[in-house]
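Enquirer:
In our numbering, the protein residues as written are 3 to 178.
1. In the structure shown, what three-state DSSP assignment does residue 131 receive?
2. Any idea if residue 155 is buried or exposed, counting beta-carbon neighbours within 10 angstroms, 16 or more meaning buried?
3. Could you check where the alpha helix (DSSP H) with residue 47 kicks off and where it finishes?
4. With a CB to CB cut of under 7 Å and the five nearest residues on each side skipped, what residues in its chain are close to residue 165?
5. How many angstroms separate the CA atom of residue 53 from the CA atom of residue 38?
6. With 16 other CB atoms within 10 Å as the buried threshold, where does residue 81 fall?
7. Identify, in the order they occur along the chain, each residue of the same chain with its Cβ nearer than 6 Å to the Cβ of residue 34, setting aside the five sequence neighbours on each side.
8. Give a yes or no on whether the C-beta atoms belonging to residue 247 and residue 150 are separated by under 7 Å.
9. Could you give the first and the last residue of the continuous alpha helix (DSSP H) run that contains residue 77?
10. Would you please state the rounded distance, in angstroms, between the beta carbons of residue 68 and residue 79? I believe it to be under 8 Å.
11. Looking only at its chain, what residues have a beta carbon closer than 6 Å to the beta carbon of residue 51, apart from the 5 residues adjacent to it on each side?
12. Which same chain residues end up closer than 8 Å to residue 93 when comparing Cβ atoms and leaving out the 5 residues on each side of it in sequence?
13. Let's test the definition: count the other Cβ atoms within 10 Å of the Cβ of residue 117 and tell me whether it reaches 16, buried, or not, exposed.
14. Around the C-beta of residue 63, are 16 or more other C-beta atoms found within 10 angstroms, so that it is buried, or is it exposed?
15. Given a threshold of 16 other Cβ atoms within 10 Å of its Cβ, counted over all protein chains shown, does residue 88 qualify as buried or as exposed?
Here you go:
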């Protein structure tokens, strides 16, 4: 698979995400997988670019689940806590309507309370952010493999190694 993608990667027909050079935000690419921060940029740039948010593709057997959906930040109260009542009050406060009004569309993203998801005058449609549920599966692949794979892809793209050599190097490093 790496061998098949090397030429499109080298020629720029497939672009790896670069925060400093997002060709979707500049209108040069027709499709982009963007972050919340990039959504804010897109809304604020005031360009004539016509765009719409959609969900990531899903598997037909699980159309309401996505591996691309990430919950960032959760609260937990340890069973051994001596202040569990106070902790519950704090969680209730964080999940309250008032807090949702204050923090709606903050730098951290959208509210988990769907009553506060209106975009107001904005032209974008954030329904895509609330359509799917996270698919809870752990990866059998150690996270270090992804770092090694990124290094190997970079070596192959720049021509410092063939796809076969780059993948062999991953295998050698993983065995060590």
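Even for Gly, the Cβ is constructed at its ideal location relative to N, Cα and C.
Expert: Looking at the atomic coordinates:
1. The count along the chain shown starts at 1 and reaches residue 131 at position 129. Helix at residue 131.
2. Position 153 of the chain shown, counted from the first residue, corresponds to residue 155. Around the beta carbon of residue 155, 16 or more other beta carbons lie within 10 angstroms, which makes this residue buried.
3. What you label residue 47 is simply residue 45 of the chain shown in a count that begins at 1. In this chain, residue 47 is not harboured by any alpha helix (DSSP H), its DSSP state being neither H nor E.
4. The residue labelled residue 165 in the question sits at position 163 within the chain shown. Only 4, 5, 8, 158 meet the Cβ criterion.
5. Here residue 53 corresponds to residue number 51 of the chain shown, with the count starting at 1. Here residue 38 corresponds to residue number 36 of the chain shown, with the count starting at 1. Residue 53 and residue 38: Cα-Cα distance of roughly 15 Å.
6. On the chain shown, residue 81 is found 79 positions in, with the first residue counted as 1. Classification of residue 81: exposed, given that the 10 Å Cβ count is below 16.
7. Locating residue 34 in the chain shown gives position 32, where the first residue counts as 1. So the qualifying residues of the chain are 26.
8. With the chain covering 3 to 178 only, the question about residue 247 has no answer from this structure.
9. Along the chain shown, read from residue 1 onward, the residue named residue 77 stands at position 75. That residue, residue 77, is in no alpha helix (DSSP H); it is neither H nor E in DSSP.
10. The sequence position of residue 68 within the chain shown is 66, counting from 1. The sequence position of residue 79 within the chain shown is 77, counting from 1. Not quite, the Cβ-Cβ distance comes to about 28 Å (not below 8 Å), so this is no contact.
11. Along the chain shown, read from residue 1 onward, the residue named residue 51 stands at position 49. 29, listed in sequence order.
12. Working through the chain shown from its first residue, we reach residue 93 at position 91. So the qualifying residues of the chain are 77, 79.
13. As a working mapping, residue 117 is identified with position 115 in the chain shown. With fewer than 16 other Cβ atoms within 10 Å, it is exposed.
14. For this step, residue 63 is matched to residue 61 along the chain shown. Exposed, because fewer than 16 other Cβ atoms sit within 10 Å of the Cβ of residue 63.
15. Counted from its first residue, the chain shown places residue 88 at position 86. Within 10 angstroms of the beta-carbon of residue 88 lie fewer than 16 other beta-carbons, which makes it exposed.
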